[in-house]
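These protein sequence lines map, in sequence, to chains A and B. Residue numbering for the first sequence follows my numbering, starting at 234 and increasing by one per position. Residue numbering for the second sequence follows my numbering, starting at 234 and increasing by one per position. Here's the structure, in structure tokens; my notes come after.
Number of protein chains: 2
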Amino acid sequence: MIELSTKRKTSRNARYHHGDLKRTLLSAAETELAEKGVEAFSLRGVAKRAGVSHAAPAHHFGDACGLLTELAANGYERFIEAQVCRQKSAPGDARSQLAASGLGYIDFATANPALFRLMFASERPDKSADVLSRAANLAFDRLVSDIQNIKGTDPYTDQSAMTDVMSAWAIAHGLADLMIAGRLDRATFLRDRTPAEQDAVFADIIVRAIGSQPQ
Amino acid sequence: MIELSTKRKTSRNARYHHGDLKRTLLSAAETELAEKGVEAFSLRGVAKRAGVSHAAPAHHFGDACGLLTELAANGYERFIEAQVCRQKSAPGDARSQLAASGLGYIDFATANPALFRLMFASERPDKSADVLSRAANLAFDRLVSDIQNIKGTDPYTDQSAMTDVMSAWAIAHGLADLMIAGRLDRATFLRDRTPAEQDAVFADIIVRAIGSQPQ
DNA sequence: TGTACATCAGTGAACGCGCGTTCACTGATGTAC
DNA sequence: TGTACATCAGTGAACGCGCGTTCACTGATGTAC
């Protein structure tokens with residue numbers, strides 16, 4: 234009875250027709266993913282977590298691939314947000330901005346390891362889906378633009394600048410992936426440092442990955 | 234009948250007692266892994282592929298975790314071999330040797346993407362198992378030694394050198410992981426280049442990730 | 001304002017599937033004597 | 001050389017489980033009149 238009245242108070246939609254089930258399912262799916270990992274992710278688990286019949290997700294997403302695709306696309310938005318967030322509180326020069334972007338990349342991965350792996354290493358989402366490929370391209374374009382601001386040339390026409398794009402991407406990605414694999418902190422004394430010191434090490438590594446030619 | 238006599242000819246052990254089933258299972262498991270991916274890997278699939286009862290693998294590995302752990306450990310051996318192979322045909326100076334090691338890292342990943350992911354990104358193998366952690370540490374020690382040859386100091390006592398270790402590892406790992414995710418070739422014109430040109434780009438990126446101080 | 005009806009979100013029972021695990025077994029091998 | 005026996009690798013039937021999918025259904029909503 235208490236539960237019922239609470240439901241009524243907190244949400245007029247908590248009835249037979251949920252009203253906001255799609256968003257609820259996405260949120261439940263993210264928790265499911267974080268707790269079980271991509272390998273053990275299941276639609277039934279998501280439905281259970283959302284407190285809904287196991288057949289309900291099909292109405293909104295068709296199958297697990299559809300759900301995971303939207304989840305990954307949504308992940309890219311927050312992936313970019315994490316980078317923007319770091320950039321806002323960093324110095325305005327082009328190199329500091331690139332380093333900040335890389336730190337945001339690592340922030341996102343360590344905060345959402347399973348989601349990060351879903352976005353970059355899983356076969357389950359449909360990478361050719363518009364929502365997903367568009368979101369992923371947006372993130373890539375930001376990197377290209379960061380490099381252009383450092384080099385002063387367009388990576389799409391300057392091969393040397395595109396090499397810098399690859400280098401910056403690979404270094405941020407490598408640090409992020411090794412971090413969530415638990416490899417860096419154990420072997421490299423990284424865990425003996427404060428978060429600020431860690432950031433400084435990462436920023437140093439990121440910046441040096443870019444050729445040292447002045448703008 | 235033909236099959237039977239063939240069996241007799243090709244292997245005296247192809248009888249009730251297989252004789253070499255453990256090795257056969259490992260080989261079948263690798264194929265299974267490569268074709269199905271870590272997510273869909275199953276013991277029954279391996280047994281079927283090896284032409285053996287589905288309960289047989291338990292005799293040798295206990296469960297899927299045991300099999301995958303040995304598979305990963307075996308993977309590290311070949312991972313190191315791929316790096317040694319590149320180093321043998323590279324110039325002897327310390328920087329070229331490091332670059333060669335990185336190229337071997339990428340070679341292995343692109344040749345065995347699922348196995349690489351099993352080794353670096355899966356929760357299924359038992360990372361605390363002796364065979365596995367020892368094999369992984371061996372690979373790490375090789376990298377540490379490569380850096381020591383460049384810097385002239387021991388990374389375990391010189392923080393700046395350990396930063397180089399992290400940097401070199403991250404760049405090779407990032408390139409490798411992005412390659413097998415199919416990200417680099419599409420976006421960065423890498424596929425327009427010959428394999429030798431790709432190697433040159435990668436080697437350039439790897440070497441520049443190391444601080445430029447002379448030995 | 002009220003009634004009828006189409007639409008659609010969500011239900012829950014049922015299905016078949018592949019999985020890991022168990023267990024009594026069978027057949028080959030090696031060793032003792 | 002031959003026999004008896006312990007050991008162990010591999011079998012195959014059986015089990016319970018969670019999964020995705022299907023489908024007839026129910027209950028709420030919105031709209032036409």
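Built from N, CA and C at the ideal position, the CB exists for glycine as well. Please read all numbers here as calculations on a predicted model, not as lab measurements.
Taking 6 angstroms as the limit between beta carbons, can you name the residues of its chain near residue i, skipping five residues before and five after?
i: B:I313; result: A372
i: B:L301; result: R357 and P358
i: B:A283; result: T257, L258 and A261
i: B:A306; result: V364, L365 and A368
i: A:R311; result: none
i: A:A315; result: G337, D340 and F341
i: A:F349; result: A342
Can you name the residues of chain B whose CB is closer than 8 angstroms to the CB of residue i?
i: A:I380; result: Within 8 angstroms Cβ-Cβ: nothing; A:I380 doesn't reach chain B, min ~11 angstroms.
i: A:I454; result: The shown model of chain A, from 234 to 448, leaves out residue 454 of chain A, and the question about it has no answer.
i: A:G278; result: Neighbours of A:G278 on chain B: none; closest Cβ ~15 angstroms, over 8 angstroms.
i: A:A414; result: F353 and A354
i: A:V434; result: T396 and M399
Could you pull out every residue in the same chain whose Cβ sits closer than 7 angstroms to the Cβ of residue i, ignoring the five residues on either side in sequence?
i: A:T427; result: none
i: B:H293; result: L254, K255 and L258
i: A:P290; result: L258, L276, V279, A280 and L300
i: A:A405; result: G335, Y338, I339 and I439
i: B:T264; result: R282
i: A:A429; result: none
i: B:K269; result: G278
Expressed to the nearest angstrom, what Euclidean distance is found between the alpha-carbon atoms of residue i and residue j?
i: A:A436; j: A:G335; result: 8 angstroms
i: B:S244; j: B:L254; result: Note that B:S244 scores 37 on pLDDT, short of 50, meaning its location in the model is unreliable; the coordinates nonetheless yield the value given after this. So the two alpha carbons sit approximately 12 angstroms from each other.
i: A:R367; j: A:R375; result: 13 angstroms
i: A:Q431; j: B:C318; result: 34 angstroms
i: A:K281; j: A:H287; result: 7 angstroms
i: B:D410; j: A:G407; result: 8 angstroms
i: A:S393; j: A:A297; result: 41 angstroms
i: B:G295; j: A:A273; result: 21 angstroms
i: B:P388; j: B:N370; result: 15 angstroms
i: A:K360; j: B:L423; result: 20 angstroms
i: A:Y309; j: B:L417; result: 17 angstroms
i: B:D425; j: A:A362; result: 25 angstroms
i: B:T390; j: B:M399; result: 14 angstroms
i: B:R441; j: B:K321; result: 21 angstroms
i: A:S445; j: B:S445; result: 10 angstroms
Could you give the DSSP three-state label for residue i: helix, strand or coil?
i: A:S260; result: helix
i: A:P290; result: helix
i: B:I339; result: helix
i: A:P324; result: coil
i: B:S378; result: helix
i: B:S244; result: For B:S244, the pLDDT reaches just 37, beneath the cut-off of 50, and the residue's location in the model is therefore unreliable, leaving the point undetermined.
i: A:V279; result: helix
i: B:E430; result: helix
i: B:K269; result: helix
i: A:E310; result: helix
i: A:N370; result: helix
i: B:S334; result: helix
i: B:P388; result: coil
i: B:L304; result: helix
i: A:G407; result: helix
i: B:F422; result: coil
i: A:K255; result: helix
i: A:V398; result: helix
Indicate whether residue i and residue j have their beta-carbon atoms separated by less than 7 angstroms.
i: B:L266; j: B:A344; result: no
i: B:L365; j: B:V271; result: no
i: B:A342; j: B:A333; result: no
i: B:L304; j: B:A354; result: no
i: B:T421; j: A:M412; result: no
i: B:N382; j: B:A433; result: no
i: B:L397; j: B:I438; result: A quick correction: the sequence has Asp, not Leu, at residue 397 of chain B. No; because the gap between Cβ atoms is not below 7 angstroms, this pair is not in contact.
Using the beta-carbon of each residue, which ones in chain A are nearer than 8 angstroms to residue i?
i: B:D410; result: F353, A354, H406, G407 and D410
i: B:E272; result: V271, E272, S355, E356 and R357
Run through chain B and tell me which residues come within less than 9 angstroms of residue i, C-beta to C-beta.
i: A:T343; result: Per Cβ cutoff of 9 angstroms: no residues; A:T343 is ~14 angstroms from chain B at best.
What in chain A is Cβ-close to residue i, meaning under 9 angstroms?
i: B:R441; result: S400, R441, A442, I443, G444 and S445
i: B:L417; result: M399, W402 and A403
I want to verify the contact list: residues of chain A whose CB lies under 7 angstroms from the CB of residue i, in sequence order.
i: B:T421; result: M395, V398 and M399
i: B:E265; result: Chain A residues near B:E265: none, gap ~15 angstroms exceeds 7 angstroms.
i: B:R350; result: A354
i: B:F373; result: A420
Using a Cβ-Cβ cut-off of 8 angstroms (strictly less than) and excluding sequence neighbours within five positions of residue i, which residues of its own chain qualify?
i: B:D379; result: A327, Q330, L331, S334 and A401
i: B:A470; result: It is not possible to answer for residue 470 of chain B, since the shown part of chain B is limited to 234 through 448.
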